[in-house]
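So the number in this note's numbering is just where the residue sits in the sequence shown, counting from 1, plus 10. Heads up, the beta-carbon is just placed ideally off N, CA and C, and yes, glycines get one too. Here the structure comes first, spelled out in structure tokens, and everything after it is commentary.
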Amino acid sequence: MVDKVTASGWIQFLNRQYDIVDLGVESCQHYAKLVAERIEKLGNSNNIANIIIGKLAHSANLRILFDFLESVVKLSVNEAEMGKENIGKLCELYIGENMRQYDAEQFLKWISWEREMLQSLQLVFGKEEMMALFEIVCNSRERLVNAFGLTSVSYTHLR
11 MVDKVTASGW
21 IQFLNRQYDI
31 VDLGVESCQH
41 YAKLVAERIE
51 KLGNSNNIAN
61 IIIGKLAHSA
71 NLRILFDFLE
81 SVVKLSVNEA
91 EMGKENIGKL
101 CELYIGENMR
111 QYDAEQFLKW
121 ISWEREMLQS
131 LQLVFGKEEM
141 MALFEIVCNS
151 RERLVNAFGL
161 TSVSYTHLR
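And the structure:
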């Protein structure tokens, strides 16, 4: 059962019982399908940040999903990990072949090292996970450069 009645104790318990990191990534995948359906229904993806999905704008929903994943990993006190497989799924979702520029921008901000260092000494991604992210971002160079109009200099800074 739960050792302590604390946020970290509950997160650890829930992760052991339900693999909530995996469920969080599955939620991201499901949400991405809802967004795609909504965009298709509207006929365009202009100003995607303000599209309402459920009761909130897409920008708020995306932030909530990222914050949830981050909180689970941080509050689990190193018991829950993002894992390479989930990183691959998230990268495919947000910077893969069918990426949407706004989503990719938000994902890249979320995974950026500087943001993590400013907010917390405990990183969301472990060393192996950071290496996996680095490899995926490097392998996505041409797609990211084309999507964002990045120069080689700005891409190098992103890396």
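Helix, strand or coil for residue 97 per DSSP?
Within the sequence shown, numbered from 1, the residue matching residue 97 stands at position 87. In this structure, residue 97 counts as helix in the three-state DSSP scheme.
Quick check: what's the CA-CA separation for residue 105 versus residue 70?
Translated into positions along the sequence shown, residue 105 becomes position 95. Translated into positions along the sequence shown, residue 70 becomes position 60. Roughly 19 Å between the two C-alpha positions.
Does DSSP put residue 131 in a helix, a strand or coil?
In the sequence shown, the residue the question calls residue 131 occupies position 121. In this predicted model, residue 131 has a pLDDT of only 44, less than 50, meaning its place in the structure is not dependable; the value taken from the coordinates is given anyway. Coil.
Output the boundary residues of the alpha helix (DSSP H) element that contains residue 37.
Reading the sequence shown from its first residue, position 27 is the one you call residue 37. Per DSSP, residue 37 belongs to the alpha helix (DSSP H) from 30-52.
Do residue 90 and residue 31 have their C-beta atoms closer together than 8 Å?
Locating residue 90 in the sequence shown gives position 80, where the first residue counts as 1. Locating residue 31 in the sequence shown gives position 21, where the first residue counts as 1. Taking 8 Å as the Cβ cut-off, residue 90 and residue 31 qualify as a contacting pair.
Taking the alpha carbon of residue 23 as the reference point, which residue from 82, 136, 35, 141 has its own alpha carbon closest?
Looking up residue 23 in the sequence shown gives position 13. Cα-wise, what sits closest to residue 23 is 82.
Below 8 Å on the Cβ atoms is my guess for residue 103 versus residue 142; work out the distance and round it to an integer in Å.
Counted from its first residue, the sequence shown places residue 103 at position 93. Counted from its first residue, the sequence shown places residue 142 at position 132. With 8 Å as the limit, residue 103 and residue 142 do not qualify as a contact, their Cβ atoms being about 15 Å apart.
Are the beta-carbon atoms belonging to residue 97 and residue 139 less than 8 Å from one another?
Position 87 of the sequence shown, counted from the first residue, corresponds to residue 97. Position 129 of the sequence shown, counted from the first residue, corresponds to residue 139. Against a cut-off of 8 Å, the Cβ pair of residue 139 and residue 97 comes out as a contact.
Label residue 116 either buried or exposed according to how many other C-beta atoms from any shown protein chain fall within 10 Å of its C-beta, with 16 as the threshold for buried.
Here residue 116 refers to the residue found at position 106 when the sequence shown is read from its first residue. Buried, since its Cβ has 16 or more Cβ neighbours within 10 Å.
Just confirm the distance between the C-beta atoms of residue 35 and residue 94, as a whole number of angstroms; I'd bet it's less than 8 Å.
What you label residue 35 is simply residue 25 of the sequence shown in a count that begins at 1. What you label residue 94 is simply residue 84 of the sequence shown in a count that begins at 1. Not a contact, Cβ separation roughly 12 Å.
Given a threshold of 16 other Cβ atoms within 10 Å of its Cβ, counted over all protein chains shown, does residue 131 qualify as buried or as exposed?
As a working note, residue 131 is residue 121 in the sequence shown. With a pLDDT of only 44 at residue 131, under 50, the local geometry of the prediction cannot be trusted, and no value is derived from it.
Please report the distance separating the alpha-carbon of residue 107 from that of residue 149.
Translated into positions along the sequence shown, residue 107 becomes position 97. Translated into positions along the sequence shown, residue 149 becomes position 139. Spanning the two alpha carbons is a distance of roughly 12 Å.
To the nearest angstrom, how far is it from the Cα of residue 61 to the Cα of residue 25?
Indexing the sequence shown from 1 puts residue 61 at position 51. Indexing the sequence shown from 1 puts residue 25 at position 15. In this model, residue 61 and residue 25 are separated by some 32 Å (Cα to Cα).
Do residue 135 and residue 92 have their C-beta atoms closer together than 8 Å?
Against the sequence shown, residue 135 aligns to sequence position 125. Against the sequence shown, residue 92 aligns to sequence position 82. In terms of Cβ geometry, residue 135 and residue 92 form a close pair [threshold 8 Å].
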